[in-house]
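Chemist: Have a look at the structure that comes next, please.
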């Protein structure tokens, strides 16, 4: 297998753009990524487009007006992991030698649903009984707090950090700091999760160009190497499931660390799937940044702040960058690449050498989540 | 009008009325049991998730009490659900976990509390007709488990 590199990244500022066509958002992200990689559209040999709700042929709909047609275009759906599932396919196509240059997109437009929680499949038994995504995470929070003595204050502090970082990220949907009191006293969504502990819905697009080491040198762009590219699905269980930990993320991360030949201590920063504040807490443990039940200590000591021991979500994460489902994973990769190149501006993690992106989700009865995809990059 | 009344008087069960039986004022969920490895599940399934045996899963009447593993009071949901309502995961003896609504506000609940299976309305159809399903209610620790 050949080594694979990220040659360029690009994304639009996430937000709510009900009037803007999804194809137009996609094209802006693609043009930015191509410019960043210093490649022309006709040098792209295959495209992989991830989207949760973008509908049929989204890749073709975006690329048509850029004159980038004829090549293999693969459209991918895997809920919140759609974008990074597409990325994994692009990386694999280059690694196996089928092509030298791949374009990967992650795009979604959730304003088309109006407001409220993301719609789930009504054929799912639990959805028919009243399951909503905030409720699933709220039950994890309830159990986690019960077992390990964490409090809503810990969850709130995760949101305060997200807003602090998002305020420094020009791509974030929300660029405003909030106080712990504001978080704890905001509207209850699913007890104990308040509105400021839940990520927003919105619209966004992100794109990356992946290629070979030789091509990166030819292009003369900064080199960011892919050390690990993983995807796993949740295990179906009809009986007991430990909701105070996340088996799927822990298993996927173990695989990623094995691929990369490193461990949690080597990670300079992580972009994790903080769809809800409790999710980030659980993922500190699943990714090995602390032991089981110890996440609250990490939060109390500020170790996941940008200046801390293991900065998590310097971008502001899903909470403030926003969470246009299929776009999220690719936006995480944009952030990882900017951090490794030292281009992250006011949110730069000093001396970043290794970045991990973690994307998981999809509500489905009996599984932790539908999918989890973890990538590790190094400069 | 007559037609409307007829629709309103019919009862809608979710997922279906053969998922439980009522006996002596108690509600028992009907699950499946694998004849090979004994693994029990709810709802019934045709392939055992314990050993992979396909077909011929036995029907089994599950215990009508269990413990509330976790729960949440939901304040934002699709409009067919009347908010706030409480959801929870309940573990029945024999390693069977069931998701359903709980008939108490979250403030009256704590993890690992004993609960029993009951029937009640979980949401409404677009017509306004209630949908009946299994739900959970605290036993108060007084009934036998």
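Chains as they are written, first to last, in this note's numbering: chain A, 523 to 901; chain B, 8 to 152. Just so you know, even glycine gets a beta-carbon here, dropped at the ideal spot from N, CA and C.
In terms of DSSP beta bridges, what is residue 635/A paired with?
Modeler: DSSP output for residue 635/A lists no bridge partner at all.
Chemist: Among 871/A, 775/A, 678/A, which residue has its Cα nearest to the Cα of residue 841/A?
Modeler: Among 871/A, 775/A, 678/A, the Cα nearest to that of residue 841/A is on 678/A.
Chemist: If we count the other Cβ atoms within 10 Å of its Cβ and call it buried at 16 or more, is residue 797/A buried or exposed?
Modeler: buried
Chemist: What are the start and end residues of the beta strand (DSSP E) that includes residue 28/B?
Modeler: 27-30
Chemist: What's the C-alpha gap between residue 152/B and residue 636/A?
Modeler: A caution first: residue 152/B carries a pLDDT of 35, below 50, which makes its placement in the model unreliable, though a value can still be read off. Each residue's alpha carbon lies about 45 Å from the other.
Chemist: With which residues is residue 798/A paired in a DSSP beta bridge?
Modeler: 720/A
Chemist: Could you tell me whether the Cβ of residue 107/B comes closer than 7 Å to any Cβ of chain A?
Modeler: yes
Chemist: Determine, for residue 665/A, whether the minimum Cβ-Cβ distance to residues of chain C falls below 7 Å.
Modeler: Absent here is chain C; the protein component of the structure consists of chains A and B.
Chemist: Check residue 793/A in the structure and name its three-state DSSP category.
Modeler: strand
Chemist: State buried or exposed for residue 86/B, treating a residue as buried only when at least 16 other CB atoms are found within 10 Å of its CB.
Modeler: exposed
Chemist: Residues of the stretch 69-81 of chain B in Cβ contact with chain A at a cutoff of 9 Å, in chain order, please.
Modeler: 76, 77, 78, 79, 80, 81
Chemist: How would you label residue 132/B, buried or exposed, when you count the other beta carbons within 10 angstroms and need 16 or more for buried?
Modeler: Burial is judged here by how many other beta carbons sit within 10 angstroms of a residue's own beta carbon; residue 132/B has fewer than 16 and is exposed.
Chemist: Would you mind telling me which residues of chain A sit closer than 7 Å to residue 140/B, beta carbon to beta carbon, in chain order?
Modeler: Per Cβ cutoff of 7 Å: 651.
Chemist: Shortest alpha-carbon distance to residue 765/A belongs to which of 22/B, 19/B, 75/B, 52/B?
Modeler: 75/B
Chemist: Let me know the beta strand (DSSP E) ranges lying completely inside the stretch 18-69 of chain B, each 3 residues or longer, listed in chain order.
Modeler: 27-30, 33-40, 65-68
Chemist: Are the stretch 822-841 of chain A and the stretch 554-571 of chain A in contact at 8 Å, needing three or more beta carbon pairs?
Modeler: Because the criterion of three Cβ pairs below 8 Å is not met, the stretch 822-841 of chain A and the stretch 554-571 of chain A do not touch.
Chemist: For residue 618/A, which residues in the same chain have their Cβ closer than 8 Å to its Cβ, ignoring the five residues on either side in sequence?
Modeler: Here the set comprises 523, 524.
Chemist: According to DSSP, is residue 664/A helix, strand or coil?
Modeler: helix
Chemist: Going by alpha carbons, who is nearest to residue 638/A out of 711/A, 734/A, 625/A?
Modeler: 711/A
Chemist: Is residue 528/A near residue 746/A, with beta carbons less than 7 Å apart?
Modeler: yes
Chemist: Leaving out five residues on either side along the sequence, give the residues of the same chain with a beta carbon under 7 Å from the beta carbon of residue 66/B.
Modeler: 37, 39, 51
Chemist: Report the option in 114/B, 63/B, 118/B whose CA atom is closest to the CA atom of residue 92/B.
Modeler: 114/B
Chemist: For the alpha helix (DSSP H) that residue 819/A lies in, which residues bound it at each end?
Modeler: 817-822
Chemist: Give me the Cβ distance between residue 896/A and residue 727/A, rounded to the nearest whole Å; I'm assuming they're in contact under 8 Å.
Modeler: About 22 Å separates the beta carbon of residue 896/A from that of residue 727/A, a gap too long to meet the 8 Å contact definition.
Chemist: On the CB-based measure, 16 or more other CB atoms within 10 Å of its CB, does residue 803/A come out buried or exposed?
Modeler: Residue environment analysis places residue 803/A among the buried positions, since at least 16 neighbouring C-beta atoms fall within 10 angstroms of its C-beta.
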